[in-house]
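Residue numbers (the numbering used here), protein chains in the order written: chain R, 1387 to 1700; chain W, 3 to 258.
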Amino acid sequence: MEQNISENRQKQIKQTYQSRRKRPPLVPLINSSPLLRSSTLASSPPPHPSSSPIPRKIQKKTQAYLSLTRKPHRTTCSQCAMSYDTLSADDRKLHSKFHARAVSGVDILLPPTFKAISKVAVSTYTATLYKMTAQHLSSSRAVRVAIDAALRICNAELSAPDEGVEDFLSRASSSSNESAVYICVSPRSLTSAQAIIGLAVVDRISSGHFMSCDTGRLIPGPPIRLILGISRIYTAHTARGLGVAQHILNAVCESAVYGMQVPRNLVGWSQPSESGCQLAKKWCSESMTASEVSEDREKDADGTEKKIRVYIER
Amino acid sequence: MLEGKLEQASLFKKIVDAVKELVQDCNFDCSDSGIALQAMDTSHVSLVSLLLNADGFSEYRCDRNIALGLNLTSLTKILRCGNNEDMLTLEAQENPDSLTVRFENTQQDRMSEYALKLMDIDQEHLGIPETEYAATITLPSAEFQRICRDMSAISESITIECTKAGVKFSCEGDIGNGSVTLKPSASADHPEAATKIELSEPVSLTLSTKYLLNFCKATGLSPSVSLKLADENPILVEYPLASGHLRFYLAPKLDE
């Protein structure tokens, strides 16, 4: 009997707290005032759910805002291309965070145990290039987080699938394609931390095809032999036009295969964008040695190739 | 050309201090009738409207309309260079690229002059619709500041309910709740200490404490403040000046 009463009491308490925890849904405002505009902006973030009981339900209200201007609230940033609502504090915060990362690069703190593969002169400073394998990414959480953020910005700019480090790691572990992420890092200064100003995701591949730069279509023919595939390549806005991408590609050829300098004509590209095609053409044409020149190359009047090597990413 | 002289720099200092909490950059519209300012905060939740009439200046001249685009943080830095009791002169040419701020002490043996670079601010003129307010409450500005300050410790919202019996400020937060009720009062000796209520119908508005606290930065400008309320309309918080006014509009918080 006593046990039943106790169980009922506990059930009652549980129900009471459940009903108190239930919050009204967020709904858009409907108001009659010409001065006010309906808003879905929450007045404040809901309190963090905690294990302690919420003493009393406070009726939630939504902040209205003044509707006195004809200017549109949505804007697109000319630099980072992000569209956001200028009236939303959350949107503005999100934009400023994304903008800083897209424009200046993602801050990274590299452990001293990570060895650089080369150093290159970029503008007025010396940038450092690192090769990040699945092993490196698994060993440092800070590096993993920074590269994940950089990869997501790269994907957003390239309109590529939103794959982060976890996807990269699972792909690297499921196959033996020896994928690696190459990063170019600016030096730390008094005013800024080290930042990833350039990034490339590189796969080991075996074959590919030629693609016409003019039409963007594959040129029919037998598959061609390739060793490396550039899955993504990206440079932060402030580091563009300084040769960062070419420095990364050079480093990829030098260090991707142990003991071997991979010829540039054995590097393929995965779904290159317009600027990616230009980079590929320019980089393949520059400093190409006689041994790398193949019979199937055709050139424009300015000496750049008309077609580039592409591969289909799995 | 614009030339406006104020007997005491403290008035302009207090105005800029009160406005800079809400707006960073804004245009001071100078005309022959005086200096006006109208700007919304970045979230478009509040609006500030200033009017300094020409007769509020000891000397005033403005030959043609000029919009002075100013960064208020920079203006504050310049204004800090003068004492509160100094005479303040604002001066700008016809197509100005800077605003000259001049301070003269009361003995007129020290004169300092600073030039503040102007900004091109693309600011739309905001037409504020006429509103019929259901209640107008006039109370000492220090009292209003105290209520806002006290309630800010408890909640991020204050509800102002006005009835015939009086005005009730209440708040409800995680730690508890609180309320302050003011009844209409009159004082012949100190009319600025009186609480007056003009009411056509009972009204209640819930407002952000953070913004109300920002408005209270204008407390030093006037001994009294008037709150004008209408249901589901922005509240008007007005600090009357000797010749002009400083008004704040704040959008309410509404039920979901």
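Backbone N, C-alpha and C fix where the C-beta goes; we use that ideal spot for every residue, glycine too. As the structure is a computational prediction, the values presented were derived from the model and not from experiment.
R/Gln1465 counts as exposed, since fewer than 16 other beta carbons sit within 10 angstroms of its beta carbon. Rounded to whole angstroms, the separation of the alpha carbons of W/Arg104 and W/Ala117 is 9 Å. Only residues of its own chain outside the window of five on either side were considered, and among them Ala1631 have a CB closer than 6 Å to the CB of R/Leu1665, listed in chain order. For R/Ser1598, the closest alpha carbon among the candidates R/Glu1660, R/Gln1445, R/Ala1520 is that of R/Glu1660. Neighbourhood of W/Asp122 in chain R, by CB distance below 9 Å: empty, with the nearest CB roughly 16 Å away. In this structure, the beta-carbon distance from R/Gly1662 to R/Ile1619 falls below 8 Å. R/Thr1448 belongs to the set of residues whose beta carbon lies under 8 Å from a beta carbon in chain W. At a cut-off of 8 Å between C-beta atoms, W/Pro254 counts as an interface residue with respect to chain R. Listed along chain W are Ser45, each with a C-beta nearer than 8 Å to that of R/Ala1475. For the set W/Asp31, W/Ser33, W/Cys32, W/Ser51, the Cα lying nearest the Cα of W/Gln40 is the one of W/Ser51.
For R/Leu1454, the nearest CB of chain W lies under 8 Å from its own CB, placing it at the interface with that chain.
Counted as a single uninterrupted DSSP element, the stretch harbouring W/Asp19 is not any beta strand (DSSP E) but the alpha helix (DSSP H) occupying residues 11-21. Contact between the segment 174-186 of chain W and the segment 113-130 of chain W is absent: fewer than 3 CB-CB pairs across the two stretches fall below 8 Å. Distance from the Cα of W/Lys15 is smallest, within the candidate group W/Phe171, W/Ile80, W/Glu93, W/Gln125, for W/Ile80. The beta carbon of W/Gln147 lies closer than 6 Å to those of Cys218, Thr221 in the same chain, with the five residues before and after it left out. If you draw a 10 Å sphere on the C-beta of R/Ser1592, you find fewer than 16 other C-beta atoms in it, and that means exposed.
Per DSSP, W/Met153 lies in no beta strand (DSSP E) segment; the continuous alpha helix (DSSP H) that holds it begins and ends at 143-154. Rounded to the nearest whole angstrom, the C-alpha separation of R/Phe1554 and R/Glu1699 is 13 Å. Within the segment 1543-1615 of chain R, the beta strand (DSSP E) runs of at least 3 residues that lie entirely inside it are, in chain order, 1566-1572, 1581-1590, 1593-1598.
With contacts defined as CB atoms closer than 8 Å, R/Gly1594 and R/Tyr1697 qualify as a contacting pair. Cα atoms of W/Leu215 and W/Ile37: separation of roughly 25 Å, rounded to the nearest angstrom. Contact check for W/Gln125 and W/Asn29: beta-carbon distance about 5 Å, within the 8 Å limit, so the pair qualifies. Looking at R/Glu1640, R/Leu1496, R/Leu1523, R/Thr1601, the one whose alpha-carbon comes closest to that of R/Ile1582 is R/Leu1496. Listed along chain R is no residue with a C-beta nearer than 7 Å to that of W/Pro186; the closest approach is about 27 Å.
Taking a contact as a CB-CB distance under 8 Å, the pair W/Glu96 and W/Met3 counts as one, their CB atoms being some 6 Å apart. By the 16-neighbour rule on beta-carbons within 10 angstroms, R/Met1518 is buried. W/Ser45 sits away from R/Leu1480, with the two beta carbons spaced by 8 Å or more.
R/Thr1621 and R/Asp1476 have their C-alpha atoms some 27 Å from each other.
When Cβ-Cβ separations below 8 Å define contact, R/Tyr1451 makes contact with chain W.
Between R/Ile1533 and R/Leu1523, the C-beta spacing is below 8 Å. In this structure, W/Leu252 sits near W/Val239, with a CB-CB distance shorter than 8 Å. Taking the CA atoms as reference points, W/Glu203 sits about 6 Å from W/Ala136.
As summarised for the segment 156-244 of chain W, the continuous alpha helix (DSSP H) elements at least 4 residues long and confined to that stretch are 211-217, given in chain order. Proximity to W/Ser100 across W/Glu106, W/Ile68, W/Thr108 peaks at W/Ile68, based on C-alpha coordinates. CA-CA distance, W/Leu53 to R/Lys1446, rounds to 36 Å. R/Val1696 sits in a strand when the DSSP states are folded into three classes.
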